[in-house]
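**Q** Can you read through this structure? Questions will come right after.
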Amino acid sequence: MTIHDLPQGMIRATGTTGPHEGYMPGFGNDFETEALPGALPQGQNSPQKCNYGLYAEQLSGTAFTAPRGQNERTWCYRIRPSVHHTGRFTPIDMPHWKSAPNILPQVTSLGQYRWDPIPVPEEDLTWITGMRTMTTAGDVNIQVGMASHVYLVTRSMEDEYFFSADSELLIVPQEGRLRFCTELGVIDIEPKEIAIIPRGLVYRVEVLEGPARGFVCENYGQKFDLPGRGPIGANCLANPRDFKSPVAAFEDREVESRVVIKWCGQFHETRIGHSPLDVVAWHGNYCAYKYDLRTYSPVGAILFDHPDPSIFTVLTAPSGQEGTANIDFVLFRERWMVAEHSFRPPWYHKNIMSELMGNIYGVYDAKPQGFQPGGISLHNCMLPHGPDRDAFEGASNAELKPAKLANTMSFMFETRFPQHLTQFAAKDAPMQEEYIEVWNQIEKKFDGTPGIK
Ligand SMILES: [Fe+2]
């Protein structure tokens with residue numbers, strides 16, 4: 001991307017070139033960036049008067065008193081303070097974007113489910129109106145749990161902005177390219193990348209290449225963080241330098257605009273006379289970022305057996321109970337399989353965690369058939385799942401030479417809370433009614449006699 005690609009009238013900080021043009025590398029860094037020289041105060045946060053007549057404002061993503069290491073805030077230097085970016089609020093209807101709790105007596109969430117890719121309709125759908133909630137878990141009002149969505153976007157937001165006070169959004173594109181013009185800068189993403197938009201950050205979404213379809217994990221709880229690596233050491237999995245936050249970019253546009261806000265599961269709109277993307281400079285560690293999934297360095301079995309899939313965790317959002325995540329974001333990407341005398345695909349299991357998977361592209365090794373790119377599966381709390389018959393027989397009888405799993409990228413949103421299907425997921429989305437039958441063909445081999453069957 002070059003600076004010439006930016007939306008008309010937007011001015012962006014310079015200084016980052018090469019692979020980082022427009023971005024600053026690092027996870028959770030304390031960044032600083034300015035789109036006009038001298039806009040960022042030095043040595044203090046709140047000068048008596050700011051350069052350019054800007055207003056200083058703090059955006060706090062954690063409580064003021066959160067422990068150091070978790071404490072996140074950003075100081076913004078902006079054309080108008082945010083109190084000018086909202087007015088009176090009017091409730092609006094957003095029938096397809098649901099929040100937890102959303103437990104419907106007529107919907108059975110107990111089960112193993114799979115869906116074909118949801119077709120993108122012909123109609124005009126923006127980032128807001130094109131959001132289709134599949135599952136919800138926990139409770140948005142007490143900031144625990146999550147929702148999973150599919151976005152179907154055909155049109156850019158124009159003079160329209162959005163923020164969620166409820167949640168941090170993890171965005172996983174599957175088709176098309178999107179641009180997130182945020183208060184803190186511009187992020188472009190495409191399939192094989194992800195983006196994180198933190199709670200409270202104002203933005204609009206433009207379609208760079210459409211239609212766009214992908215997955216969203218809406219995190220009601222504590223922010224995503226990198227997992228501890230334990231004995232793995234200081235490297236591999238997701239490395240901090242591969243996360244990129246945007247440099248400052250702002251627009252000075254006096255135009256009638258609409259701001260939509262998600263707050264406690266409800267949607268409201270408010271009207272203002274200008275663009276709220278007016279942060280000329282900022283510094284801090286609470287910001288949006290992107291990550292290229294191709295830079296994820298997987299670690300796995302190099303002699304025998306199969307580690308738990310947590311070995312593929314990219315990001316984890318804690319729940320307050322140590323080691324038990326509100327959400328884990330887990331990546332199944334191409335890798336070498338070398339284990340000896342082992343069943344190499346994921347084993348059969350039941351899990352206290354609820355697992356929602358999406359296929360970004362290619363073939364997933366435990367389900368060679370039926371789990372299509374763009375498709376979704378759900379294996380809910382304590383419901384058994386595992387390889388289908390073909391995957392089991394194939395892996396049980398394969399010659400165990402080193403083999404590369406190529407052409408594959410799937411992910412999982414895994415939560416400690418049971419996931420409840422929405423009406424859309426149960427009735428409107430293309431659910432594979434026969435999915436549960438994938439295990440029907442598994443044979444009983446036991447006949448009481450010893451020996452390999
Ligand atoms: Fe599982």
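Quick note on the UniProt record's numbering: the sequence shown kicks off at 1 and runs consecutively.
Think of the CB as a built atom: it goes at the ideal place given N, C-alpha and C, for glycine as much as any other residue.
In this text, all values refer to a predicted model and were calculated from it rather than measured experimentally.
Near H268, what residues of its chain come up, given a Cβ to Cβ distance below 7 Å and the 5 sequence neighbours on each side ignored?
**A** Hits under 7 Å: F89, T90, P91, I92 and I261.
**Q** Determine, using beta carbons only, whether L59 comes closer than 9 Å to chain C.
**A** The structure shown contains no chain C; it is built from a single protein chain.
**Q** Buried or exposed: which applies to V280, given that a residue is buried once 16 or more other Cβ atoms fall within 10 Å of its Cβ?
**A** Buried, since its Cβ has 16 or more Cβ neighbours within 10 Å.
**Q** Indicate the three-state DSSP secondary structure (helix, strand or coil) for K262 in the structure shown.
**A** It is a strand residue.
**Q** Looking at ligand 1, does it come within less than 8 Å of E355, judged from the CB to the closest heavy atom?
**A** Yes, the Cβ of E355 comes within 8 Å of a heavy atom of ligand 1.
**Q** With a Cβ-Cβ cutoff of 9 Å, do L331 and F411 count as a contact?
**A** Yes, the Cβ-Cβ distance between L331 and F411 is below 9 Å.
**Q** What is the DSSP secondary structure of I3, counted as helix, strand or coil?
**A** Note that I3 scores a pLDDT of 46, beneath 50, so its modelled location is shaky and nothing firm can be said.
**Q** Hey, how far is the Cα of M1 from the Cα of F27?
**A** Any reading at M1 must be qualified, since the residue scores a pLDDT of 42, below 50, and its modelled position is unreliable; the value itself is stated next. Rounded to the nearest angstrom, the two C-alpha atoms are 21 Å apart.
**Q** Between the segment 188 to 203 and the segment 166 to 176, are three or more C-beta pairs nearer than 8 Å?
**A** The segment 188 to 203 vs the segment 166 to 176: in contact.
**Q** At the level of alpha carbons, what is the spacing between M157 and S275?
**A** C-alpha separation (whole angstroms): 12 Å.
**Q** Give me, in chain order, the residues of the same chain whose beta-carbon lies closer than 7 Å to that of P368; leave out the 5 immediate sequence neighbours on both sides.
**A** Taken in chain order, the residues that qualify are D390 and A391.
**Q** Threshold first: 4 residues or longer. Then list the alpha helix (DSSP H) segments lying entirely within the UniProt domain "Homogentisate 1,2-dioxygenase C-terminal" (295 to 446), N to C.
**A** If we require 4 residues or more, the alpha helix (DSSP H) runs fully inside the UniProt domain "Homogentisate 1,2-dioxygenase C-terminal" (295 to 446) come out as 389 to 397.
**Q** Using only alpha-carbon positions, find the residue among E21, M24, N29 and D5 that is nearest to N285.
**A** It is N29 whose Cα lies nearest to the Cα of N285.
**Q** Using 10 angstroms around the beta-carbon of V83, count the other beta-carbons present and answer buried if the total reaches 16, otherwise exposed.
**A** Classification for V83: exposed.
**Q** Within the continuous beta strand (DSSP E) that includes N219, where are the two ends?
**A** Here the beta strand (DSSP E) through N219 covers Y203 to N219.
**Q** Quick check on the burial criterion: 16 or more other C-beta atoms within 10 angstroms. Buried or exposed for K244?
**A** The residue in question, K244, is buried, as its Cβ has 16 or more Cβ neighbours within 10 Å.
**Q** Anyone know if the C-beta pair for F417 and F329 falls short of 9 Å?
**A** Not in contact: F417 and F329 (Cβ atoms no closer than 9 Å).
**Q** Can you tell me the Cα-Cα spacing of H4 and G22, whole angstroms?
**A** Its pLDDT being 48, under 50, H4 is placed unreliably by the model, and nothing is read from it.
**Q** What does the Cβ neighbour count give for P246, buried or exposed, with the cut at 16 atoms within 10 Å?
**A** Buried is the call here.
**Q** In angstroms with no decimal places, state the Cα-to-Cα distance between N351 and G448.
**A** Between N351 and G448, the C-alpha separation is close to 29 Å.
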